Amino acid sequence: MTETRDGIVEPWGSRTPYGRGETWPQRVDTHLQEGVRPDQVQRWVQSAAVLHSNGDGIDIAVRDGRIVGVRGRAVDRVNHGRVDVKDLFGWQANAARDRLTTPLVRRDGRLVESDWDTAMNDIVGHSRRLLSEHGPSSIGFYTSGQLFLEEYYTQGVIAHGAIGTNHVDGNTRLCTATAGEALKESFGCDGQPGSYADVDHADVIALYGHNVAETQTVLWMRMLDRLAGTDPPAIVCVDPRPTPVAARATVHLAPLPGTNVALMNGLLHEILRHDWVDHAYVEAHTVGYHELRKRVAEFPPERVARICRIEAAELQRAAEIIGTAERLLSTVLQGFYQSHQATAAAVQVNNVHLVRGMLGKPGCGILQMNGQPTAENTRECGADGDLAGFRNWANDSHIAELAELWNLEPLQIPHYGPPTHCMQMLRYAEEGTLRMLWVTATNPAVSLPELSRIRRILAQPRLFLVVQDIFLTETAELADVVLPAAAWAEKTGTFTNTDRTVHISEQAIDPPGQARSDLEIFLDYARRMDFRDKDGGPLPAWNSAEEAFEAWKRCSAGRPCDYTGLSYEKLRGGSGIQWPCNDEHPDGTERLYADGKFWAAPDYCEAYGKDLITGAPLEPTEYRAMNPHGKAIIKAAEYVPAHERPSSEYPFALITGRTVYHFHTRTKTGRTPELNAAAPQVWVEISGADARRLGIAASDLVEIRTPRGCVLAAARITEIRSGVVFLPFHYGYWDRPSQAGGHHRAANELTLTDWDPVSKQPVFKTAAAALRRVGPGRGPAPGPVGGPTAAVIEDVEGTDGS
1 MTETRDGIVE PWGSRTPYGR GETWPQRVDT HLQEGVRPDQ VQRWVQSAAV
51 LHSNGDGIDI AVRDGRIVGV RGRAVDRVNH GRVDVKDLFG WQANAARDRL
101 TTPLVRRDGR LVESDWDTAM NDIVGHSRRL LSEHGPSSIG FYTSGQLFLE
151 EYYTQGVIAH GAIGTNHVDG NTRLCTATAG EALKESFGCD GQPGSYADVD
201 HADVIALYGH NVAETQTVLW MRMLDRLAGT DPPAIVCVDP RPTPVAARAT
251 VHLAPLPGTN VALMNGLLHE ILRHDWVDHA YVEAHTVGYH ELRKRVAEFP
301 PERVARICRI EAAELQRAAE IIGTAERLLS TVLQGFYQSH QATAAAVQVN
351 NVHLVRGMLG KPGCGILQMN GQPTAENTRE CGADGDLAGF RNWANDSHIA
401 ELAELWNLEP LQIPHYGPPT HCMQMLRYAE EGTLRMLWVT ATNPAVSLPE
451 LSRIRRILAQ PRLFLVVQDI FLTETAELAD VVLPAAAWAE KTGTFTNTDR
501 TVHISEQAID PPGQARSDLE IFLDYARRMD FRDKDGGPLP AWNSAEEAFE
551 AWKRCSAGRP CDYTGLSYEK LRGGSGIQWP CNDEHPDGTE RLYADGKFWA
601 APDYCEAYGK DLITGAPLEP TEYRAMNPHG KAIIKAAEYV PAHERPSSEY
651 PFALITGRTV YHFHTRTKTG RTPELNAAAP QVWVEISGAD ARRLGIAASD
701 LVEIRTPRGC VLAAARITEI RSGVVFLPFH YGYWDRPSQA GGHHRAANEL
751 TLTDWDPVSK QPVFKTAAAA LRRVGPGRGP APGPVGGPTA AVIEDVEGTD
801 GS
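Counting in the UniProt record's numbering, the sequence shown runs from 1 upward without gaps.
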């Protein structure tokens, strides 16, 4: 089946129903530039999607050296031909008129056009002076979730190996850090246990803080097709907002933001109370069950209802559906990850599967989701602060392995303490000990919390800021050197999605002007710095993407993320392939832990775990005593109230999030005509009851204020739970709206400098806020205009906002 649809109005397309245990039917989505017929496409180039974390296989249409459209790859295991609305249109950003095409350097306070030698000499000169005068810890790297595996690994070798700095992180800290940490806490190692194909077999799908309908639309299409089939799964949705997922849920739990741990303890209380427990599995394959039983006994439904402000009967109903499921699939995303006690809450989702014995079987999976397309690679390759190959920074033998791979002395690789997360790096920059920050393909001047503070830090004269990107973003405007990078489709590399599926993305067109791939830029820096291994050889030793991939394979050998059975040639022409892929699993591995064995042995595990309240790392001896045989870890968590809660002065709980039409800070989607027109400006979502009490009508201009600042936005009146307001976080300054009178519209002006103690992921979903009507609006609120919904009430146009 081939479908050409209006992706704005119908973001999920038509239904192809199928039943439990059947194969998801193919449906090939295609969108070509107006006036281009399929027979006029000169080449179809293999790639995968990069405007969300689903990892859909797509082909790029090329004509006369330009991208003219995309289509889904029918053979791909992830999407069976379907394409997300952002990818249907987002390729147009490659040809935006304001692409960076030449290096920029700051001279006399202004960024001016320059050349590669001048720009790189500025960077190299500062690097050498800092290393000589202040040492490796004066330099930090902040990368993205949108580069390719080969680029992350190269950057990791340069930062951790050649320079020896511990200050390495990615903006995946904002979206997927809790996913990786929760998996380490429960299973001793990162790596998603489940598969997208579990949707085909599950009789219950539980989504925790995961508006899959808008963040991974193709995965939601798969769920919708199951719901349209003969034996649809029950859906349990945990989300304070009336999302499209909530509209289709069997049970919708809308807890007060910041109370997720209490909610999860309540669900586990009911599962254990009714003995919906696989005791044989628990005894054979886990440790920690008795501690969990004692902890959740303190959270009967009535107490949880008071804390979360939900109905006890609804909690019990959700627990019964989950507790009696034959095949349970659970997914988790930002509603848990960016909220209070993020890791503790996500770990409790893992606990549900462990006590129910639901891992490694079709339909029985956990997907601790990613927020970005290549976030999995940052974790594997060590670009998010972890060490390459899921190695343990506290295990000297793992450091020795890396040192041998990179031909360095072990002491050259920093492992004196945990890697530095981005919020701490910025604190060091604020204090003046971090003097150079290299930012790649991300926009922290819009995406990080408490933006006024972030802008002050990035604009400091003593901080040498390098920004490597495809547009002059709000962050790039503050830089000392701006490097023009090649975008997706302008370079070749591989990347890995949430369920461990590895895709190759081939170069389809040339980058504009003097833009270079991120890999070329990193290698150029390494050569100009003359980085060497202990025998005098160049470090890194490779010069091309494929050579970098082969080097990564050697690094991954014998580790959980084993790529040794993969090659560029094997990835070409067909579907993506899931790791581990090696001699034992030559065709990849669909599900982990099918044999009840985990990557948790003390000498092999990626991490020894942390205290879920304080974040303090466990000592190796503590871990060995607790888990000598490498079983899965059932880790109980106490609920503690959020640090910032609604008060008389700030009576609302503010949460932030996304819309189906935009990705992150709109660097690409805001430059795509169809996507920008669908959601051109910021809006605020308010419940009908709260709006009536405050005298706010649909489209009125509203001031949202927290202790850190204020934002003006048009009101959208929806069925969001009372006491909670929502702002999309995509909107920055480069297209500042005139109707806001120059006032702030970036949601992160309002969010607080706080993070989860375990994953160090910033908290975006528990700020306390006040609302005030400023004046009448100018027509419908300028939020998303397309698509069906039951969420919006009164006289507001329909929205697909998330």
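For every residue, glycine included, the Cβ atom is placed at its ideal position computed from N, Cα and C.
Please read all numbers here as calculations on a predicted model, not as lab measurements.
Original post:
For Q739, which residues from the same chain have a beta carbon less than 7 Å from its beta carbon, with the 5 sequence-adjacent residues on both sides left out?
Top reply: Bear in mind that the predicted position of Q739 carries a pLDDT of just 39, short of 50, making it unreliable; the figure below should be weighed with that in mind. Closer than 7 Å at the Cβ level, and outside the excluded window around Q739, lie R778.
**OP:** Tell me whether D59 sits in a helix, a strand or coil according to DSSP, three-state version.
**Re:** strand
Original post:
Got a sec, what are the start and stop residues for the beta strand (DSSP E) S186 sits in?
Top reply: From DSSP, S186 is part of no beta strand (DSSP E) but of the alpha helix (DSSP H) over A177 to F187.
**OP:** Return the chain-ordered list of same chain residues with a C-beta closer than 6 Å to the C-beta of G357, the five sequence neighbours on each side being excluded.
**Re:** D278 and Y281
Subject >> Bounding residues of the alpha helix (DSSP H) (the contiguous stretch that carries F522) >> reply: D518 to M529
Original post:
Nearest-angstrom Cα distance between I577 and K184?
Top reply: 23 Å
Subject >> Runs of alpha helix (DSSP H) wholly within the stretch 190-238 (minimum 4 residues, chain order) >> reply: 212-215 and 217-227
Subject >> Outcome for D76 when other beta-carbon atoms lying within 10 angstroms are tallied against a minimum of 16 >> reply: buried
**OP:** Output the distance between the C-alpha atoms of T250 and V238, rounded to the nearest integer angstrom.
**Re:** 11 Å
**OP:** Reducing DSSP to helix, strand and coil, say where F89 ends up.
**Re:** helix
Original post:
Roughly how many whole angstroms lie between the Cα atoms of R462 and V763?
Top reply: 28 Å
Original post:
If you draw a straight line from the alpha carbon of L227 to that of E151, how long is it in whole angstroms?
Top reply: 40 Å
Original post:
Of all the beta strand (DSSP E) runs that stay within the bounds of the stretch 441-504, which reach a length of 3 or more residues?
Top reply: 464-469, 481-484 and 493-496
**OP:** Report the three-state DSSP secondary structure of S722 (helix, strand or coil).
**Re:** coil
Original post:
Around the Cβ of M264, are there at least 16 other Cβ atoms within 10 angstroms (buried) or fewer (exposed)?
Top reply: buried
Subject >> Residues near D190 by beta carbon distance below 7 Å, same chain, minus five either side >> reply: G180, L183, K184, R379, F390 and E606
**OP:** Go ahead and pull the three-state DSSP assignment for Q146.
**Re:** coil
Subject >> Simplified DSSP assignment, three categories, for M436 >> reply: strand
**OP:** Select from D84, A632 and S397 the residue whose C-alpha is nearest the C-alpha of W12.
**Re:** D84
Subject >> Where L612 falls, given that 16 or more other Cβ within 10 Å makes a residue buried >> reply: buried
Subject >> Between the CA atoms of V758 and A375 - distance to the nearest angstrom >> reply: 18 Å
Original post:
So, does the CB of V725 fall closer than 8 Å to a CB anywhere in chain B?
Top reply: Absent here is chain B; the protein component of the structure consists of one chain.
Original post:
Which term fits S137, buried or exposed, when burial requires 16 or more other beta carbons within 10 angstroms of its beta carbon?
Top reply: buried
Original post:
Less than 8 Å separating the beta-carbons of A41 and I58?
Top reply: The sequence given here places Val at residue 41; Ala does not occur at that position. Not closer than 8 Å, so no.
**OP:** Quick one: give me the first and last residue of the alpha helix (DSSP H) that L268 is part of.
**Re:** N260 to R273
**OP:** Give the range of the beta strand (DSSP E) segment to which D29 is assigned.
**Re:** V28 to L32
Original post:
Is the beta carbon of V296 sitting closer than 8 Å to the one on L268?
Top reply: yes
Subject >> Residues near D499 by beta carbon distance below 7 Å, same chain, minus five either side >> reply: Q192, G194, S195, Y196, L367 and Q578
Original post:
In angstroms, rounded to a whole number, what distance separates the CA positions of M369 and Y142?
Top reply: 21 Å
**OP:** Go ahead and pull the three-state DSSP assignment for Q514.
**Re:** coil
Original post:
Helix or strand or just coil, what does DSSP make of H126?
Top reply: helix
Original post:
Can you give the Cα-Cα distance for I504 and G615, rounded to whole angstroms?
Top reply: 37 Å
Original post:
Is it true that the CB of V50 sits closer than 8 Å to the CB of P444?
Top reply: no
Original post:
Under a Cβ-count criterion, where at least 16 other Cβ atoms within 10 Å of its own Cβ denotes burial, should H52 be classed as buried or exposed?
Top reply: buried
**OP:** Would you mind sorting D115 into buried or exposed? The rule is 16 or more other CB atoms within 10 Å of its CB.
**Re:** exposed
Subject >> Helix, strand or coil at D84 according to DSSP, with G and I counted as helix >> reply: coil
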